[in-house]
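The next block holds one structure in the form of structure tokens; read it before the comments.
In this note's numbering, the protein residues as written are 14 to 341.
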């Protein structure tokens with residue numbers, strides 16, 4: 014290929030890349046990186062076949078400029094993690110508020126089913142929780158320590174096991190959304206029925222309040238995170254069934270990407286919940302005020318960060334966009 018032909022075939026791509034560099038703040042990092050790789054390939058070709066030409070000098074200059082721009086952007090993106098928690102995740106959650114609400118409704122209905130079934134049939138709780146767990150708990154109640162199950166394992170192994178299991182459950186609830194939301198709904202139903210049966214079992218033993226003050230120390234964050242993961246899963250199923258103006262594939266990919274952000278955002282919550290269950294819940298004799306402080310503090314955080322703050326942030330962004338449109 015002659016130099017003229019080479020320039021003619023690649024000129025438009027180079028000009029497009031220059032425009033991307035001039036507006037790099039609005040360009041996808043992936044698109045910028047892909048174009049940069051192509052540019053370095055062109056530079057290598059030019060150095061091989063036209064080593065002293067103006068084309069090679071131009072490409073060398075453009076590549077240097079691109080490298081500096083990307084390096085600068087990487088520095089700027091050192092705050093990427095902060096931005097993720099401050100704005101990106103809350104806005105993704107805001108977009109998923111409707112499926113998250115449906116997830117909560119499914120879970121609460123399932124919990125009611127679990128409680129109602131346990132009230133009508135003593136064997137139901139054994140079917141859901143297992144004979145060994147029920148027998149162990151009844152034995153602990155007779156010993157005067159109904160929550161002794163939380164004291165049986167060492168703290169660190171318990172923390173690792175519980176945290177990893179909760180992350181697995183949340184990811185499963187999210188991933189099962191690909192089955193047109195049915196899979197996610199099944200996961201929510203199972204966990205909701207289990208919770209309802211569990212709590213009604215303690216109600217029958219006249220230990221509802223005592224058990225709740227212990228269980229919900231970690232359960233507030235744990236259950237909330239499962240419901241949020243379920244909402245992400247329902248969003249995937251909804252995207253597949255009702256893609257709107259997107260193609261079904263694009264709608265699925267978009268929803269899956271947003272859902273993964275929610276799952277990633279839930280990992281620290283599961284870590285804290287696992288820590289509370291392993292290191293704090295075992296102290297069943299803690300003062301009532303401290304127990305209530307942890308429970309309502311956890312609930313306040315969930316409601317603020319995943320409900321109120323995303324709405325306020327969205328409204329703030331709408332006002333900013335509206336002001337920008339008026340100026341322009």
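Glycine included, C-beta positions come from ideal geometry on N, C-alpha and C.
Just so you know, these numbers come straight off a predicted model, no measurement behind them.
The alpha helix (DSSP H) spanning residue 270 covers which residue range? Here the question's residue 270 lines up with position 257 in the chain shown. 261-288 is the span of the alpha helix (DSSP H), which, as asked, contains residue 270.
Taking all protein chains shown into account, do 16 or more other C-beta atoms lie within 10 angstroms of the C-beta of residue 338, making it buried, or fewer, making it exposed? The count along the chain shown starts at 1 and reaches residue 338 at position 325. Per-residue confidence for residue 338 stands at a pLDDT of 46, beneath the threshold of 50, marking its modelled position as unreliable; the derived number appears in the next sentence. Looking at its Cβ environment, which holds fewer than 16 other Cβ atoms inside 10 Å, residue 338 is exposed.
To the nearest angstrom, how far is it from the Cα of residue 318 to the Cα of residue 285? Walking along the chain shown from the start, residue 318 turns up at place 305. Walking along the chain shown from the start, residue 285 turns up at place 272. Cα-Cα distance, rounded: 15 Å.
Confirm, please, whether the CB-CB distance from residue 194 to residue 283 is below 8 Å. Within the chain shown, residue 283 is the residue found at index 270, counting from 1. Within the chain shown, residue 194 is the residue found at index 181, counting from 1. No; because the gap between Cβ atoms is not below 8 Å, this pair is not in contact.
Should residue 96 go down as buried or exposed, given a rule of 16 or more other Cβ atoms within 10 Å for buried? For the purposes of this step, residue 96 is taken as the residue at position 83 of the chain shown. Counting Cβ neighbours within 10 Å, residue 96 comes out exposed, since fewer than 16 surround it.
CB-CB length for residue 236 against residue 208, believed under 8 Å: Position 223 of the chain shown, counting from 1, holds the residue named residue 236. Position 195 of the chain shown, counting from 1, holds the residue named residue 208. With 8 Å as the limit, residue 236 and residue 208 qualify as a contact, their Cβ atoms being about 7 Å apart.
Residue 144: first and last residue of the uninterrupted alpha helix (DSSP H) it sits in: The residue given as residue 144 occupies position 131 in the chain shown. Residues 144-155.
If distances are taken between C-alpha atoms only, which option among 150, 232, 180 comes closest to residue 205? As a first step, residue 205 must be located in the chain shown, where it is residue number 192. Checked all of 150, 232, 180; the closest Cα to residue 205 is 232.
Straight-line CA distance for residue 122 to residue 309? The residue labelled residue 122 in the question sits at position 109 within the chain shown. The residue labelled residue 309 in the question sits at position 296 within the chain shown. Each residue's Cα considered, the two are about 23 Å apart.
Would you call the CB atoms of residue 214 and residue 118 closer than 8 Å? Numbered from its first residue, the chain shown carries residue 214 at position 201. Numbered from its first residue, the chain shown carries residue 118 at position 105. Going by C-beta atoms, residue 214 is not nearer than 8 Å to residue 118.
Just verifying my parser: in three-state terms, what is the DSSP assignment at residue 337? Along the chain shown, one-based indexing puts residue 337 at 324. Low per-residue confidence applies at residue 337: pLDDT is 43, beneath 50, and the placement is therefore not dependable, though the value from the model is reported in the following sentence. Residue 337: helix per DSSP, three-state reduction.
Pull up the CB-CB distance for residue 191 and residue 249, whole angstroms please, since I reckon it's below 8 Å. Translated into positions along the chain shown, residue 191 becomes position 178. Translated into positions along the chain shown, residue 249 becomes position 236. Indeed they touch by this definition, with Cβ atoms about 6 Å apart.
Measuring CA to CA, which of 72, 278, 304 is closest to residue 289? Along the chain shown, read from residue 1 onward, the residue named residue 289 stands at position 276. Ranking 72, 278, 304 by CA distance to the CA of residue 289 puts 304 first.
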